[in-house]
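Read the structure below first, then the notes.
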Amino acid sequence: MLQLETTGQFRKDYKRLKKRGYDMCRMEQVIDKLLEEKALPAQYHDHALSGTYAGFRECHVSRDWLFIYAVHRDKLILTASRTGSHSDLLRKG
116 MLQLETTGQF
126 RKDYKRLKKR
136 GYDMCRMEQV
146 IDKLLEEKAL
156 PAQYHDHALS
166 GTYAGFRECH
176 VSRDWLFIYA
186 VHRDKLILTA
196 SRTGSHSDLL
206 RKG
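Start counting at 1 in the sequence shown, then tack on 115, and there's your number in my numbering.
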């Protein structure tokens with residue numbers, strides 16, 4: 116089983132989404148599956164990222180709710196990097 120590590124930005128994102136009324140149980144279910152090293156079902160559209168986020172993966176907690184993370188199997192760590200809507204995460208500037 117992996118250990119969870121969160122970035123400061125993820126903690127801010129999480130707090131913002133909770134304040135907006137998002138169902139954080141959905142996020143926790145995704146994180147639990149990943150910590151148990153289980154493959155996410157196809158509905159989550161899990162895929163590798165490139166560019167700035169090379170080495171990270173992204174999945175859809177819901178239609179417009181993304182979760183960016185990295186798995187470091189050598190250290191048994193899951194790093195939660197960002198979460199939010201497409202506009203939250205892909206905003207330029």
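C-beta atoms are modelled at their ideal positions from N, C-alpha and C, and glycine is treated no differently.
None of these values were measured; they are calculated from a predicted model.
Taking all protein chains shown into account, decide if GLY170 is buried (16 or more other Cβ within 10 angstroms of its Cβ) or exposed. Classification of GLY170: exposed, given that the 10 Å Cβ count is below 16.
Could you compute how far the alpha carbon of ASP203 sits from the alpha carbon of ASP189? Between ASP203 and ASP189, the C-alpha separation is close to 31 angstroms.
Cα-Cα separation between GLN158 and SER177, rounded to whole angstroms: Between GLN158 and SER177, the alpha-carbon positions lie close to 9 angstroms from each other.
For the putative contact between TYR184 and SER196, defined by C-beta atoms under 8 angstroms, what is the C-beta separation to the nearest angstrom? Yes, they are in contact, since the Cβ atoms of TYR184 and SER196 sit about 6 angstroms apart, within 8 angstroms.
What ranges does the beta strand (DSSP E) occupy inside the stretch 148 to 177, keeping only unbroken runs of at least 3 residues that lie completely in it? Correct list: 172 to 177.
According to the neighbour-count rule (16 or more other Cβ atoms, all chains shown, within 10 Å of its Cβ), is ASP147 buried or exposed? Note on ASP147: under 16 other CB atoms within 10 angstroms of its CB, so exposed under the neighbour-count rule.
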